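In what follows, a structure is listed as structure tokens, so that the remarks can point back to it.
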Amino acid sequence: MVKKRGQEEVVYKILAVLLAILLWFYVLNLDNPTVEKPFSVSVEPLNLAPGLALVEPPGNVEVRVRGTSLNALNSREIKAVVNLAGAKLGEGTYWVSVSLPAGVELVAIRPASLNLHIDEIKEKQLPIRVITQGTVAPGYSYFEPVLEPSTVVVRGASGLLADLDTALITVNVEQAKDNLVLNPPVTLLTKKGEIVSGQFEISPQNIQVFVPITENTDSKTVAIKPNIKGGPAEGFRVARVILDPETVRITGSYEALSQIYQVNTAPIDITGIKESYSTQVALIPPEGVSLLYQPVVKVLVQVEAITVVKDFTDVPITVLNLAGDDRVALKTDKVQVSIKGPRTDMELEKSEIKAFIDVADLKPGVHNLAVKIELPSNLQVEKMEPQRIEVTLSKVEVEEED
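Here it is as structure tokens:
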């Protein structure tokens, strides 16, 4: 009897311990219940091949998770990615993968896959448009801003690049009395005038802007004249000179301004050049006036070879591909040729000009064939007479032996 009572006490103690454990888990669950919670997570593209870009970013997906203490969890601790290794041009469906902190269970991803458009990366050069905000101080004026550089290069998906129209910068001149040097960021505009961002690489991202501001006095805009010194090498000539900018604004008395129509650059020495030459020069203001500002003038001197035309008479015509048993008769066996080319390359002898006709695969009879001229690659035929000749082909007669 005593033994039985002792066994019952052991059982009761075990049950008590089990109940205590169950109660502990119950209380713990009350404090940290298992719950589900959705998070909006930005999807990161991975392993996209060089030279390719997404037309649109993947955006966000809803990640529903289960766990305890989710109130302390934020979306930055959840990572959602799409693996674009091996992705090809065009549209395709790609699965979203999610990694979670320890103790958090994934319930669902919505959507579980994304339809993404992949395009080639290309570059496009865009002009810069300046928008001026504000008003300068009373009694002052501002003039056209000078940009460096005047264009930007945009890099991104080719389909999106086609819709870009211009790059925009904003300059604030509010109450300004002195020249401004600014470095505003570039904004991109579509052909519809919509602002786009985040989808392109812009180089440079900021533009150096010089805004001339002066107290109101007499001023005028005049042409910039390149002061060229020397000349190209023998056989070359200056084709054109391109300036950027082409004009500058000067200030001074009315009498002085009325006598001035241009401003010269500093000397530009082109002695002996054989190819186009670019440089940057300053301006030399005429006496009695001053420059509103001193621009950096970019100068491109384009040179080209001087071309001449040389006449050659009685150039013999050679017959090519005449079969051994054929006989040929030319109505004329010489042509008159005018050759055009650089003067330095025109030390040409008549023997160097190859005039020929090709009778390959022609049957006996009368043919009207074009005369062809073979020349060095830097020379060309300006004129030739005649351009075609009459050619008679016949078989050689073989005398029969008695």
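In the numbering used here, the protein residues as written are 37 to 438. The beta-carbon is built from N, C-alpha and C at its ideal position, and this holds for glycine as well. All figures in this text were calculated on a predicted structure; none of them were measured in a lab.
Inset, instruction - Evaluate the contact criterion for the stretch 265 to 277 versus the stretch 325 to 342: three or more CB pairs, one atom per stretch, below 8 Å. - result: yes
Inset, instruction - Within the stretch 191 to 254, note down every full alpha helix (DSSP H) run reaching 4 residues or more, in order along the chain. - result: 194 to 197
Inset, instruction - List in chain order: all unbroken alpha helix (DSSP H) runs of 4+ residues lying wholly within the stretch 130 to 201. - result: 194 to 197
Legend entry - Which residues DSSP lists as bridging S413, in chain order: Beta-bridge pairing links S413 to no other residue.
Inset, instruction - For the alpha helix (DSSP H) holding A292, just list the boundary residues, first then last. - result: 290 to 294
Inset, instruction - Decide if L197 is buried, meaning its Cβ has at least 16 other Cβ atoms within 10 Å, or exposed. - result: buried
Legend entry - Assigned exposure category for G288 - 16 Cβ within 10 Å defines buried: buried
Inset, instruction - Note down the Cα distance separating I375 from E418, rounded to an integer number of angstroms. - result: 5 Å
Inset, instruction - Report yes or no: do three or more beta-carbon pairs, one from the stretch 199 to 218 and one from the stretch 162 to 173, lie closer than 8 Å? - result: yes
Legend entry - Three-state secondary structure (DSSP) of E282: coil
Legend entry - Proximity winner among L136, G126, K228, relative to P74 (alpha-carbon distances): L136
Inset, instruction - Tell me, please, which residues DSSP counts as bridged to S111. - result: Answer is none; S111 lacks a bridge partner.
Legend entry - Pairwise C-alpha distance: E80 and K124: 18 Å
Legend entry - Sequence-distant residues of the same chain with beta carbon closer than 8 Å to I309, five excluded per side: P268, A269, F272, V337, V339
Legend entry - Beta-carbon proximity of I321 to I286, cut-off 8 Å: Here residue 321 turns out to be Pro, not Ile, going by the sequence shown. Yes, Cβ-Cβ distance for P321 and I286 is below 8 Å.
Inset, instruction - Output yes if chain D places a C-beta closer than 8 Å to the C-beta of E282; else output no. - result: In the structure shown, chain D does not exist; there is a single protein chain.
Inset, instruction - Using alpha carbons as the reference points, say which of L183, P221, N215, D155 lies closest to G195. - result: D155
Legend entry - Counted within 10 angstroms of its Cβ, other Cβ atoms place G192 as buried (16 or more) or exposed: buried
Inset, instruction - Would you check if the distance between the CB atom of K346 and the CB atom of I425 is smaller than 8 Å? - result: no
Legend entry - Terminal residues of the beta strand (DSSP E) in which S326 lies: 325 to 327
Legend entry - For P378, the first and last residue of its enclosing beta strand (DSSP E): 370 to 378
Legend entry - L319 in three-state terms, based on DSSP: strand
Inset, instruction - Check whether the stretch 400 to 413 touches the stretch 379 to 391, counting contact only when three or more Cβ pairs, one atom from each stretch, lie closer than 8 Å. - result: yes
Legend entry - Cα-Cα separation between Q316 and V332, rounded to whole angstroms: 6 Å
Inset, instruction - Reducing DSSP to helix, strand and coil, say where S105 ends up. - result: coil
Legend entry - Cut-off 6 Å between Cβ atoms - residues of its own chain near Y329, not counting five sequence neighbours on either side: P248
Inset, instruction - Please say whether V395 and I353 have beta carbons closer to each other than 8 Å? - result: no
Inset, instruction - Express the C-alpha separation of T283 and L204 in angstroms, rounding to a whole number. - result: 23 Å
Legend entry - C-alpha distance - Y290 paired with I296, whole-angstrom precision: 10 Å
Legend entry - V143 and E72 closer than 8 Å at C-beta: yes
Inset, instruction - Pull up the distance between the alpha-carbon of E311 and that of A275, whole angstroms please. - result: 11 Å
Legend entry - For S78 and V117, the rounded distance between their alpha carbons: 8 Å
Inset, instruction - Report the three-state DSSP secondary structure of K386 (helix, strand or coil). - result: helix
Inset, instruction - Using the DSSP secondary-structure output, state which residues sit across from N263 in a beta bridge. - result: None, per the DSSP bridge assignment.
Inset, instruction - Using beta-carbon positions only, say whether K370 and V355 come within less than 8 Å of one another. - result: no
Legend entry - Span of the beta strand (DSSP E) around V431: Checking the sequence shown, residue 431 turns out to be Lys, not Val. From DSSP, the beta strand (DSSP E) with K431 extends over 424 to 431.
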